[in-house]
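When you read off a place in the sequence shown, starting at 1, and then add 412, the result is the number in this note's numbering.
Glycine is no exception: its CB is placed at the ideal position from the N, C-alpha and C atoms.
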Amino acid sequence: MNLVKKLIEQFENCPDRIVSQQLLPKVIATPRCFQTLTYREFFTSVVTLANYLHDLGLSKGDNVAILSNTRPEWLIADFAIMFNGAASVSVYQTLTPNEIAYLLYDSSASVVIAENQEQLDKLLSLVDQEIAVPEVEDRPAHQARLSFKKFILLEAVTANPLVVHLSEILKTPNTNYAHFEIEKLTEADLASIVYTSGTTGLPKGVVQTHGNHLANISQVLNSGILVEHPSLFLFLPLAHSFAKLMAYLGLLTDCSLKFPSIDPKNSKFDPELLVQDIKDANANVFPIVPRILEKVEDKLKARARGASFQAKLLALAIQVAKEKNNSFKYKILHNLLKPIRKKVKQGIFGDNFFFVVSGGAKLNAETNLFFERLGISILQGYGLTETCVATNINRIGKNKIGTVGPVLDSTIEVKVAEDQEIIFRGPNVCQGYWRRPAATTESWKGDGWFHTGDLGSLDSEGYLTITGRKKEIIVTSYGKKIAPNPIEYKIKESKFIDNAVLFGNDRPFIVALIVINKDTLMEYFQRQGVTLGSDYLSQKPIIDLIESEVIQVNNQLASYEAIKRFALIDQDFSIENGYLTPTMKVKVGKVYQGYQEQIDRLYLNS
């Protein structure tokens, strides 16, 4: 079996079933409606594009890059590539030209399927230009030129000899696929190369086979979380394995997919538009990364601090849910406020909501509890690009908040090594990195076990808890080892703080870089009658307030974990400023480089 045969089976079994729905922009369709694709339409587009790629000379062993936001055409391109026995190379649409150049060079992709003019401009800037290739393993640093056969664009762009528009290719449908050697594709054949986010060095291409993907699809189905053939809302970048797994579940099972609206001119992430799309999509299941859930939590809490009657009702609903007990008063209030909780859930996720799947990073247990108390089920899961992708997830009715749940099914083996590192083995687990033998040997140390680099523990029921990451552990100059993530989560619980990053490697104590919530702080001091100037970050009222928040966290920590000093900034980390990965994890090394002067000042006279 292979992924292509699986798609053919779906098409033959239900050609007229709707497989994907994409929200049209609000300016085009009010009330909101969808552009739909049946399996017949999807399959026709896949085979037509596959034939075009075949005519370009694409064959088994080749790689084709996809540089686009999440949309149905991304998946059409993915399967068209696989029809030819080739592999897709996932490229985040937020990357810079230099970052894209490295992935194209490393993967030898000479055909790129790109989204729009914004992405084309990046690609054209690389044509006939020498790029700097950094040193990696036994490959020395050198200069290189990229070679391109064709750019296939999903949106209208300026004319260029290298460019062809997807709509032009699809104008003449070609549904003949007899010449593709689909039967010869095995589970061991390469289906995709997905690059790691590069938070700790150069991105590494994970080689994912047809068998890896098929195994993980089967494992998710066996877990029992996808009952009643739900619709999945897919907005996370398909360049990431978490989103791709959800896409394959929508395409290759009895589930279906819903997509957000697309801006044809750019690929930028618009959080306000996404909030509206999530509600209007009316899907059942929402795969989401923790940072977005934290932002939604912050907005709900900010709304509850308002003066209106609705705000006071929301505040009461949050407070009552938090103080859950068996008293008569609690039960009466809890029942009276049920419509408020329902309205909150529908206001965020629409009328058909089942649950959220949280993945891509660790979810703060307090954030999880916040939503659970409001009747919004969040199932935290776990997996890595190298495990293609999901290994663990909580279950409805058996949701142990603070854990990532048990394994999906018995074909996944998990162990915690003596040093608390989590290791996995199973048919979903990949077997190495693209052209990185040393890195492969470092992470796959025999018998198929993949060493994740994450630290954790297993309880008596097999629920896995993530406690930290080996490379993120801070070791002070006194030899004390500190896991920063739990402390950072505690700091971010303050309504005055948006983000926090801890530092202290080879230093005598821990310091923090703290991103303030400017709006909340200004509102607070206005109510206090305190006027703040343009240099508010250095003014005593703000410093004292944040210090009091930090002291509250320090009181819960061991003395060697305590934050001794901090620096304030008012610009949050984002994908655009380069401090977040496309899956919204903080690039700690990049933050250190960008704010080294402020961090070094914290250690003066220490």
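Whose CA, out of the options, lies closest to the CA of residue i?
i	options	result
A492	R557, K417 and T879	K417
K812	Y875, A802, C800 and T864	Y875
V962	S579, K904 and E640	K904
E477	N414, Q792, K562 and E959	Position check: residue 477 holds Ala in this sequence, whereas Glu was assumed. Taking only the C-alpha atoms, the option nearest A477 is K562.
G865	K827, D1012 and K892	K827
D692	K757, P702 and Q792	K757
S946	D982, A498 and Q832	D982
F921	L1014, N967, N929 and G844	L1014
K707	I752, L775 and T608	L775
K616	K670, G623 and I605	I605
F862	K883, G838, R847 and D871	G838
V923	I894, N481, E988 and R444	I894
I730	P751, N911 and S739	P751
T608	L657, V501 and N572	V501
I1019	G809, V539 and A655	It is not possible to answer for residue 1019, since the shown part of the chain is limited to 413 through 1018.
P702	I512, E988 and N911	N911
A556	F446, L538, I886 and D474	L538
S559	E580, T779, D518 and H577	D518
G473	L597, I674, L633 and F782	L597
E599	L626, Q951, A850 and G814	L626
D918	V887, E900 and D931	V887
D871	G891, L820, F915 and T815	T815
V819	G469, N840, L602 and I564	N840
Under three-state DSSP, which class holds residue i?
i	result
E873	coil
Y845	strand
L969	coil
I878	strand
R551	strand
Q951	coil
F654	helix
S635	helix
Q832	coil
K857	coil
N747	helix
E825	strand
S432	strand
V618	strand
A802	strand
F921	coil
H625	helix
Q422	helix
Y1015	coil
S668	strand
L648	coil
T448	strand
F937	helix
Y660	helix
A974	coil
V812	With the sequence shown as reference, residue 812 is identified as Lys, and Val is not the correct amino acid for it. Three-state DSSP puts K812 in coil, outside helix and strand.
I928	strand
L867	strand
L791	strand
I512	helix
With a cut-off of 8 Å on the beta carbons, I'd call residue i and residue j a contact; round off their distance for me.
i	j	result
L535	V524	6 Å
T403	S869	The shown model of the chain, from 413 to 1018, leaves out residue 403, and the question about it has no answer.
G793	S822	So it is not a contact: roughly 17 Å between Cβ atoms.
D984	V927	5 Å
Y845	V619	7 Å
L419	F455	7 Å
T779	E833	No, T779 and E833 are not in contact; Cβ-Cβ is about 26 Å, not under 8 Å.
V576	V569	That belief does not hold up - the Cβ atoms of V576 and V569 are roughly 10 Å apart, past 8 Å.
Query raised in the report: Which ranges does the alpha helix (DSSP H) cover as unbroken runs of at least 4 residues, wholly within the segment 753-785, from first to last along the chain?
Result: 777-785
Report task. List in chain order: all unbroken alpha helix (DSSP H) runs of 4+ residues lying wholly within the segment 452-503. Result -> 484-495
Query raised in the report: Where are the alpha helix (DSSP H) runs, 4 residues long or more, that stay fully inside the segment 519-543, in chain order?
Result: 529-536
Report task. Evaluate contact between the segment 420-437 and the segment 648-665, counting only Cβ atoms and requiring at least three cross-stretch pairs below 8 Å. Result -> yes
**Report entry** Length at least 4, wholly inside the segment 678-740: the alpha helix (DSSP H) runs in chain order
**Finding:** 683-693, 702-716 and 721-734
Query raised in the report: Just checking, does the segment 788-800 make contact with the segment 839-856 on the three C-beta pairs under 8 Å criterion?
Result: yes
Requested in this report: Enumerate, from N- to C-terminal direction, the unbroken alpha helix (DSSP H) stretches of 4 or more residues contained entirely within the segment 554-602.
Outcome: 578-582
Query raised in the report: Okay, do the segment 696-715 and the segment 896-910 touch, 3+ Cβ pairs below 8 Å being the bar?
Result: yes
Query raised in the report: Quick one: complete alpha helix (DSSP H) runs, 4+ long, within the segment 878-912?
Result: 896-904
Report task. Evaluate the contact criterion for the segment 494-507 versus the segment 540-556: three or more CB pairs, one atom per stretch, below 8 Å. Result -> no
Query raised in the report: Taking one C-beta from the segment 695-704 and one from the segment 763-770 each time, how about it: are there three or more such pairs within less than 8 Å?
Result: yes
Report task. Would you check if the segment 669-687 and the segment 969-982 touch, i.e. whether three or more CB-CB distances between them fall below 8 Å? Result -> no
Requested in this report: Answer yes if the segment 638-651 comes into contact with the segment 667-676, meaning at least three C-beta pairs across the two stretches below 8 Å, and no otherwise.
Outcome: yes
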